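Number of protein chains: 2
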Amino acid sequence: MWQLFQFPLCPFSRKLRLLLGEKGIGYELVRESPWARRDEFLDMNPAGQTPVVVDVQRGTVLIDSMAICEYFEETVEKSAMINGTAANRAEIRRLVAWFDNNFYRDVTGPLLEERMVKRLAHRLAPDAKALRQAMKAAIEHLDYIDYLLDHRNWLAGATMSLADLAAAAQISVTDYLGGIDWKGHEQTARWYRGLKSRPSFRPLLSERMEVIGPPAHYDNVDF
Amino acid sequence: MWQLFQFPLCPFSRKLRLLLGEKGIGYELVRESPWARRDEFLDMNPAGQTPVVVDVQRGTVLIDSMAICEYFEETVEKSAMINGTAANRAEIRRLVAWFDNNFYRDVTGPLLEERMVKRLAHRLAPDAKALRQAMKAAIEHLDYIDYLLDHRNWLAGATMSLADLAAAAQISVTDYLGGIDWKGHEQTARWYRGLKSRPSFRPLLSERMEVIGPPAHYDNVDF
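Residue numbers (the numbering used here), protein chains in the order written: chain Z, 1 to 223; chain V, 224 to 446.
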């Protein structure tokens, strides 16, 4: 049985869990708070980031969310999520990197820092300016998703792919933290409602982070 | 013919160029300075980063250095650099992400900012404290490479892989910018000498960035 080290609002763990859910791969959650920098966790992953996936019996340790997704994509054929021609696959990987790096840097990362880490680890209030900037950046990122969906059924092309899962993972954490204003983004909202109603998404929506609650629309599929 | 948009000290373009060199894939260099944020370049790649690879005739545009490497790994069989079992491949990708993200964040990124971007774009002097921190981080990263080479012939295992190319790309830019003290890292130096002497590496070592010159040992294979 795979063990997956994560915390409920880790967007990279959510991307991976959506992939595992689509592929029907079972796993057990292990709670890890990377900001606590636990020694045993750092010994396992010097980068100190979640997710990490471990199979104790086989002695397999998988690190880095994209490397882990590629591993399960290579080893479990069902529901291929990096699919199509080499050019399609490059476009999927470009968008996964876009959401993992740019969306996270501009939106999810600052929101997690201000609304979660500061509260849990330092008992500090969030910085209002940083929150405003992140929420402004969220609007620009949703505009880009609208633009992609003007030309395509799914973010990277004609079929659902890891790009959709990576985007939905970041958006779901941002939405939990009250960082998304859905007004004016009907295109993206429709696409996100479709993803939210998938069985792979339900377990994520029912989980709660201690101390911090989501807005009322968060787990509503018809928000 | 592929066109590769880059600047001489872009570590991500260097990783890709080492891969293309090993695979014997031809390309033409196009100079791009991402810090200038040229409109036509941003239209092509909203992330604004090098490398970007274009085949004008086929209308193919490839973005994100890892997505591009995966593309050439999938389409050109020669000299496989993401090879072995699924677990080996996961370890290669983990280390590529480590050097692309962590080494870059701690060492190459700050050095490029202080010693290149500040000088070229803003005519400012580097911040001495930021330089000291980056050079201290470089020592810790070389310690980690020493540790990996204590257990393995190459960074990710028994054979050369994209992990070695990603690490050598970051190290070569850091070395050009005078950020590496090779004393006490004989293991890593021996591994790096082996990579430097490969035909794929020679074109990189002979290139110069305007205004900024490398230290005397930089292009010497027997440094």
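Backbone N, C-alpha and C fix where the C-beta goes; we use that ideal spot for every residue, glycine too.
As the structure is a computational prediction, the values presented were derived from the model and not from experiment.
Span separating the alpha-carbon of Leu62(Z) from that of Glu314(V): 7 Å
CB contact check: Ile275(Z) to chain V, cutoff 8 Å: Nothing in the structure corresponds to residue 275(Z), since chain Z is present only between 1 and 223.
Ala80(Z) versus Pro203(Z) - alpha carbon distance: 21 Å
Nearest candidate by alpha-carbon position, reference Glu140(Z), set Gly26(Z), Arg17(Z), Val53(Z), Thr188(Z): Thr188(Z)
For Tyr144(Z), the three-state DSSP class (helix, strand or coil): helix
Simplified DSSP assignment, three categories, for Arg254(V): strand
Sub-8 Å separation of Thr174(Z) and Leu120(Z) beta-carbons: no
8 Å Cβ cut-off: residues of chain Z touching Ala309(V): Tyr71, Glu74, Thr75
Rounded Cβ spacing between Glu22(Z) and Ser200(Z) (contact assumed at less than 8 Å): 5 Å
Helix, strand or coil at Ile63(Z) according to DSSP, with G and I counted as helix: strand
CB-CB length for Val221(Z) against Ser197(Z), believed under 8 Å: 5 Å
Chain V contact for Asp64(Z) (CB, 8 Å cutoff): yes
Chain-ordered chain V contacts of Trp98(Z) [CB-CB under 7 Å]: Ala270
Proximity to Arg89(Z) [Cα-Cα], best of Asn102(Z), Asp100(Z), Glu73(Z), Ile180(Z): Glu73(Z)
Identified DSSP bridge partners for Val54(Z): Gln3(Z), Val61(Z)
Minimum Cβ-Cβ distance from Tyr104(Z) to chain V less than 8 Å: no
Beta carbon proximity, Arg317(V) to chain Z, threshold 8 Å: yes
Where Gly84(Z) sits in the DSSP three-state scheme: coil
Leu334(V) - containing alpha helix (DSSP H), residue span: 332 to 335
Interface flag, Ala225(Z) vs chain V, CB-CB below 8 Å: Residue 225(Z) lies beyond the range of chain Z shown here (1 to 223); nothing can be said about it.
Distance, Ile171(Z) Cα to Leu149(Z) Cα: 15 Å
Pair within 8 Å by beta-carbon distance, Pro51(Z) and Ile68(Z): yes
Ala357(V) to Glu409(V) span [Cα, whole Å]: 20 Å
Contact list for Thr60(Z) against chain V, beta-carbon separation under 8 Å: Ala310
Simplified DSSP assignment, three categories, for Trp377(V): strand
DSSP-derived helix/strand/coil call for Asn324(V): helix
Any chain V beta carbon closer than 8 Å to Ile68(Z): yes
Chain-ordered residues of the stretch 360 to 388 of chain V with a beta carbon less than 9 Å from chain Z: Tyr367
C-beta neighbour in chain Z for Ala452(V), strict 8 Å: The structure shown has nothing for residue 452(V), since chain V only spans 224 to 446.
Cutoff 6 Å; reference Val277(V); Cβ partners in own chain excluding five residues on either side: Gln226, Val284
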